[in-house]
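Participant: For the sequence shown, UniProt numbering gives the first residue as 1, with consecutive numbering after it.
The beta carbon of each residue, even a glycine, is placed where N, CA and C say it ideally should be.
For reference, the structure I am asking about is given below.
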Amino acid sequence: MIHEDYELSGNAAENSSAKSKEDWLSYLETFHPIAIDLGLERIKIVAERLGVLGFDCPVITVAGTNGKGSCVALTQAILAAAGYRVGTYTSPHLLDYNERIQIAGKPVSDRELCEAFNCIAEACAEVSLTYFEFGTLAALLLFKQAQLDAIILEVGLGGRLDAVNCVDADISVISMVDLDHMEWLGDTRELIAKEKAGIMRPNKPCVVGDFSLPVSVYEHARLENVFLYRQGQQFDYKKQLYSWSWQSQQQSLTDLPLPKIDLQNAATVLQTIELLSHQFSIRLEAIKEGLKQVFIPGRFQMIEHGDLQFILDVAHNPAGGRCLAKRLTQEPCAGKTHAVVGMLVDKDIRNTLAPLTAQIDQFYLAGLEVSRGATAEQLNQHLRALNAKDSARIFSSPDIAVQEVCKVASKGDRVLVFGSFHTVSLVFAALDSATEKGVIE
């Protein structure tokens, strides 16, 4: 239970009113001298003081280069359809910080966040926490109070030393492994996979969605006596024209509705759900309903804006670029495809753009005015190196680029927006402002 000194009530709630959410977030950005400081020692000290290192309900921890958010969203949707109350913690957010911490499918309130932040600040004492560690503890603290049936935690970076790994997972999930964050995790799939395998726990199951599993995952699983469930081995899927099927060593599910997420991730989730069925009653109807209802903003999200179709996707690494190119092929367009691109300078820009150049008629390259943001000129250097067929247009920001696209694009054209969460967030806001109504389903 939560230590009585840090209950989310009484003095904590009263004191938290002194700071708004915006005040807290600004404070957290400067609370720790290093933005990314991987390690579990600091967060475990504070988590123990708060009493949030263990939970009475199952904890599912999800890692992976891409697909983490989709796996979290579908797992939550299916459990919710089955009548269970679920807490989810994801990052980063698109429009509002509260998106990161959701209970029963709804973001927590500003008041709840401020109360949690205040409790954590009191518990920190001499311990300095990063922005992400503070947010992770807020999620755990709010989940502890919420009487949940299950908790799903999305890893922020890597796995082994990520803040969410302070909690032992009952089921670990590794969606896909590819090259990203190499300055932190290593420059090969083997090294990156080894970091992600760190979320595994001895004698507990781990579901792996990647068809090409690095040897380091096998080795870690063997050493820790982890029960591996691998895509293409213990479970698999097959797509039909209007539906899909899934099979495991225990059952076969047919005539499943096609979800708005990649089927490889959906198949990974169904194996996770099968493992949870030992504790929960999850009928086929709930699985189908979850597949119909699952929605995650910024993942090949289609929005009609005037005569144009916008596709917003947070793809920001080579694997994401390949997946996005595949989806564009599956969704042909009669008109031209315009692309608004903004990326961070430390990403593999060239290899992210490479699989997409053949499908894009006109690039609109935009600078990002954030820490680590690449300039439009830097993006253009990579595009030229790929011998892209058309010259790109240069803009200072994604929202300005979108304004220009709306002027020059014709009816029946589509506009692809990708490259980072920052880019998609700015375009969401620009479209929302232009139409004076929300654009997220």
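Do G342 and P297 count as a contact pair if the criterion is CB distance below 7 angstroms?
Facilitator: As a working note, residue 297 is residue 297 in the sequence shown. As a working note, residue 342 is residue 342 in the sequence shown. With contacts defined as CB atoms closer than 7 angstroms, P297 and G342 fail to qualify as a contacting pair.
Participant: Would D255 be called buried (16 or more neighbouring beta carbons within 10 Å of its own) or exposed?
Facilitator: For the purposes of this step, residue 255 is identified with residue 255 of the sequence shown, where counting begins at 1. D255 should be labelled exposed.
Participant: Is it true that the CB of D361 sits closer than 7 angstroms to the CB of T337?
Facilitator: As a working mapping, residue 337 is identified with position 337 in the sequence shown. As a working mapping, residue 361 is identified with position 361 in the sequence shown. Yes, the Cβ-Cβ distance between T337 and D361 is below 7 angstroms.
Participant: What separation, rounded to the nearest whole angstrom, lies between the Cα atoms of H278 and P58?
Facilitator: Reading the sequence shown from its first residue, position 278 is the one you call residue 278. Reading the sequence shown from its first residue, position 58 is the one you call residue 58. Distance between the alpha carbons of H278 and P58 is about 11 angstroms.
Participant: Does K238 come out as helix, strand or coil in the three-state DSSP assignment?
Facilitator: Here residue 238 corresponds to residue number 238 of the sequence shown, with the count starting at 1. Three-state DSSP puts K238 in a strand.
Participant: Could you tell me the boundaries of the beta strand (DSSP E) in which Q362 lies?
Facilitator: Numbered from 1 along the sequence shown, position 362 holds the residue referred to as residue 362. Where Q362 is concerned, the enclosing beta strand (DSSP E) stretches over Q362 to A366.
Participant: Is there contact between the region 157 to 166 and the region 287 to 301, where contact requires at least three CB pairs shorter than 8 angstroms?
Facilitator: no
Participant: Under a Cβ-count criterion, where at least 16 other Cβ atoms within 10 Å of its own Cβ denotes burial, should T30 be classed as buried or exposed?
Facilitator: In the sequence shown, residue 30 corresponds to position 30, counting from 1. So T30 ends up on the exposed side.
Participant: What does DSSP give as the partner residues of A85 in its beta bridges?
Facilitator: Locating residue 85 in the sequence shown gives position 85, where the first residue counts as 1. The identity of residue 85 in the sequence shown is Arg, whereas the question assumes Ala. Paired residues: none, contrary to the question.
Participant: In this structure, does DSSP put I394 in helix, strand or coil?
Facilitator: As a first step, residue 394 must be located in the sequence shown, where it is residue number 394. Residue state, collapsed to three classes: strand.
Participant: Report the three-state DSSP secondary structure of residue 445 (helix, strand or coil).
Facilitator: Outside the displayed span of the chain (1 to 441) sits residue 445, for which this structure offers no information.
Participant: From K437 to C406, what distance separates their C-alpha atoms?
Facilitator: Working through the sequence shown from its first residue, we reach residue 437 at position 437. Working through the sequence shown from its first residue, we reach residue 406 at position 406. Any answer about K437 is weak, because its pLDDT of 42 lies below 50 and its placement is not dependable; what the coordinates show is given next. Whole-angstrom Cα-Cα distance: 17 angstroms.
Participant: Quick one, which of Q233, R201 and D210 has its alpha-carbon nearest H220's?
Facilitator: Walking along the sequence shown from the start, residue 220 turns up at place 220. The candidate whose alpha carbon is nearest that of H220 is R201.
Participant: In three-state DSSP terms, what is H305?
Facilitator: Counting from 1 along the sequence shown, the entry for residue 305 is found at position 305. H305: strand per DSSP, three-state reduction.
Participant: Look up residue 526 in the DSSP assignment and say whether it is helix, strand or coil.
Facilitator: As shown, the chain starts at 1 and ends at 441. That puts residue 526 outside it, with no answer to give.
Participant: For the beta strand (DSSP E) containing A150, list its first residue and its last residue.
Facilitator: Taking the sequence shown and counting its residues from 1, one reaches residue 150 at position 150. First-last of the beta strand (DSSP E) with A150: A150 to E154.
Participant: How is the alpha helix (DSSP H) around I43 delimited, first residue to last?
Facilitator: Looking up residue 43 in the sequence shown gives position 43. First-last of the alpha helix (DSSP H) with I43: E41 to L50.
Participant: Measuring straight from C-alpha to C-alpha, what distance separates E14 and N118?
Facilitator: As a working note, residue 14 is residue 14 in the sequence shown. As a working note, residue 118 is residue 118 in the sequence shown. Because the pLDDT of E14 is 41, which lies under 50, any placement of that residue in the model is unreliable, and the number read from its coordinates should be weighed accordingly. A direct Cα-Cα distance of roughly 9 angstroms separates E14 from N118.
Participant: Beta-carbon within less than 7 angstroms of L129's beta-carbon, same chain only, minus the 5 sequence neighbours each way: which residues are those?
Facilitator: Here residue 129 corresponds to residue number 129 of the sequence shown, with the count starting at 1. Within the same chain, L129 has close Cβ partners F31, H32, R42, I43 and V46.
Participant: D23 by DSSP, collapsed to three states: which one?
Facilitator: As a working mapping, residue 23 is identified with position 23 in the sequence shown. Reduced to three states, the DSSP call for D23 is helix.
Participant: Considering just the uninterrupted stretch of the beta strand (DSSP E) at A63, what are its terminal residues?
Facilitator: Sequence index remark: in the sequence shown, residue 63 carries index 63 (1-based). Counting along the chain, the beta strand (DSSP E) containing A63 begins and ends at V59 to A63.
Participant: Whole-angstrom Cβ separation of T268 and V155, contact assumed at under 8 angstroms?
Facilitator: On the sequence shown, position 268 is the one that residue 268 refers to. On the sequence shown, position 155 is the one that residue 155 refers to. At roughly 15 angstroms, the Cβ-Cβ gap does not stay under 8 angstroms, so T268 and V155 are not in contact.
Participant: Give me, in chain order, the residues of the same chain whose beta-carbon lies closer than 8 angstroms to that of A430; leave out the 5 immediate sequence neighbours on both sides.
Facilitator: Sequence index remark: in the sequence shown, residue 430 carries index 430 (1-based). Excluding residues within five positions, the ones whose Cβ falls inside 8 angstroms are P398, D399, V402 and Q403.
Participant: Between the alpha carbons of G67 and N380, how many angstroms are there, rounded?
Facilitator: Numbered from 1 along the sequence shown, position 67 holds the residue referred to as residue 67. Numbered from 1 along the sequence shown, position 380 holds the residue referred to as residue 380. Rounded to whole angstroms, G67 and N380 show a C-alpha spacing of 28 angstroms.
Participant: Return the residue from the list Q234, S216, V415 and Y89 that minimises the CA-CA distance to Q250.
Facilitator: As a working mapping, residue 250 is identified with position 250 in the sequence shown. That would be Q234, whose Cα lies nearest to the Cα of Q250.
Participant: Under 8 angstroms by Cβ, that's how I've got Y237 and S245 pegged, so tell me the actual separation to the nearest angstrom.
Facilitator: Within the sequence shown, the letter at position 237 stands for residue 237. Within the sequence shown, the letter at position 245 stands for residue 245. Sure, about 7 angstroms apart at Cβ, within 8 angstroms.
Participant: In angstroms with no decimal places, state the Cα-to-Cα distance between L386 and S248.
Facilitator: Here the question's residue 386 lines up with position 386 in the sequence shown. Here the question's residue 248 lines up with position 248 in the sequence shown. Whole-angstrom Cα-Cα distance: 42 angstroms.
Participant: Would you give the residue range spanned by the beta strand (DSSP E) that R414 belongs to?
Facilitator: Your numbering for residue 414 matches position 414 in the sequence shown. R414 -> beta strand (DSSP E) spans R414 to F418.
Participant: Need the endpoints of the beta strand (DSSP E) that R230 sits in, please.
Facilitator: Here residue 230 corresponds to residue number 230 of the sequence shown, with the count starting at 1. F227 to R230 is the extent of the beta strand (DSSP E) around R230.
Participant: Rank A197, A169 and S396 by C-alpha distance to the C-alpha of L426 and give the top, closest one.
Facilitator: What you label residue 426 is simply residue 426 of the sequence shown in a count that begins at 1. Of A197, A169 and S396, the residue nearest in Cα terms is S396.
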